[in-house]
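Okay, so here's the structure we're looking at.
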Ligand code: F6R
């Protein structure tokens, strides 16, 4: 797409259509959501569609991909706070239907929390639509290079490059958490529909590697080549290196 604004609208329209089609069937719509700078335009457009076109989120059950660990939900850097500010506080989604990995758990409780998170998704019939961004190193969620295709939801160590990319927001590398809880690659690949968005020239190298390179654990986004219904939504800058 020629620019990020149009790319974001295209994604928002697809999400709105899925929500509406599930409403017509009287069924919940399970959305897998991401944070970071990339999806902000999508959430803005969804809020607009809610306010101006009456799209209801009452049948939406949202599962976010990841959260830093440790992290308090009201912290400036929390993805709980991000989702409230960008989307949840502006639409009629039920607060009980908003799931985000819990950055406040004690270490001993993380493994069972992660198992429950995946079971809950399965209990609802799986993710209907998974929205992804991509890290400069090819991570999806916080599945860093080296993550296997069958990896489960778990506590992970963040790559140096991931922490460096976040260091400005955190006012210095030393403030960026070293770990995070992320949905595993396996659950992402089980989503019925996957849309990965990448915007900007700084993503062009990894977009090319993900789409045109080998499927490899060293570029986790390359696993999407094997997904039957995955699409990369790109602006011109991030698509610039594709042949
Ligand atoms: C965030 C997430 C990450 C980001 C990625 C790109 O929930 O899962 O994989 O999508 O780090 O971040 P931005 O969009 O800030 O470039």
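Residue numbers (full-length UniProt numbering): 22 to 264. By construction, the Cβ of each residue, glycine as well, lies at the ideal position given by its N, Cα and C atoms. Since this is a predicted model, take the numbers as computed values, not measurements.
Asked, Found
"Residues of its chain near residue 90, where Cβ-Cβ distance is below 7 angstroms and the 5 sequence neighbours each way are ignored", "124, 176, 198, 200, 201 and 202"
"Residues of its chain near residue 115, where Cβ-Cβ distance is below 7 angstroms and the 5 sequence neighbours each way are ignored", "79"
"Closest by C-alpha distance to residue 186, when choosing among 155, 167 and 205", "155"
"Residue range of the unbroken beta strand (DSSP E) whose run includes residue 52", "50 to 54"
"Segment contact flag, the stretch 249 to 261 with the stretch 214 to 221, C-beta cutoff 8 angstroms, min 3 pairs", "yes"
"First through last residue of the beta strand (DSSP E) which encompasses residue 203", "200 to 203"
"Residue 193 beta carbon near ligand 1 (any heavy atom closer than 7 angstroms)", "no"
"8 angstroms CB neighbourhood of residue 167 in its chain, flanking five on each side removed", "238 and 239"
"Straight-line Cα distance separating residue 196 from residue 216", "31 angstroms"
"Residue 150, enclosing beta strand (DSSP E) - first and last residue", "150 to 153"
"Reduced DSSP category for residue 78 - H, G, I as helix; E, B as strand; rest coil", "coil"
"Nearest-angstrom Cβ-Cβ length linking residue 51 and residue 149, presumed shorter than 8 angstroms", "5 angstroms"
"Same chain only: Cβ atoms within 6 angstroms of residue 119, ignoring 5 sequence neighbours per side", "83 and 109"
"Member of 68, 264 and 174 whose CA lies at the smallest distance from the CA of residue 30", "68"
"Candidates 65, 160 and 55: closest to residue 33 by CA position", "65"
"Where the alpha helix (DSSP H) through residue 100 begins and ends", "100 to 107"
"Contact check, residue 164 vs residue 206, beta carbons under 8 angstroms", "yes"
"Neighbourhood of residue 93 by C-beta, 8 angstroms cutoff - its chain only, sequence neighbours within 5 removed", "99, 124 and 125"
"Distance cut-off 7 angstroms: residue 59 Cβ against heavy atoms of ligand 1", "yes"
"Residue 160: CB within 7 angstroms of a non-hydrogen atom of ligand 1", "yes"
"Any non-hydrogen atom of ligand 1 within 7 angstroms of residue 155 CB", "yes"
"Residues that DSSP places opposite residue 73 in a beta bridge", "Its beta-bridge partners do not exist; DSSP assigns none."
"N-terminal and C-terminal residue of the beta strand (DSSP E) that residue 131 is part of", "Note, residue 131: premise wrong, no beta strand (DSSP E); alpha helix (DSSP H) at 128 to 144."
"As assigned by DSSP and simplified to three states, the class of residue 118", "helix"
"Segment limits, alpha helix (DSSP H) that includes residue 252", "First-last for residue 252: 251 to 255, but that is the beta strand (DSSP E), not the alpha helix (DSSP H)."
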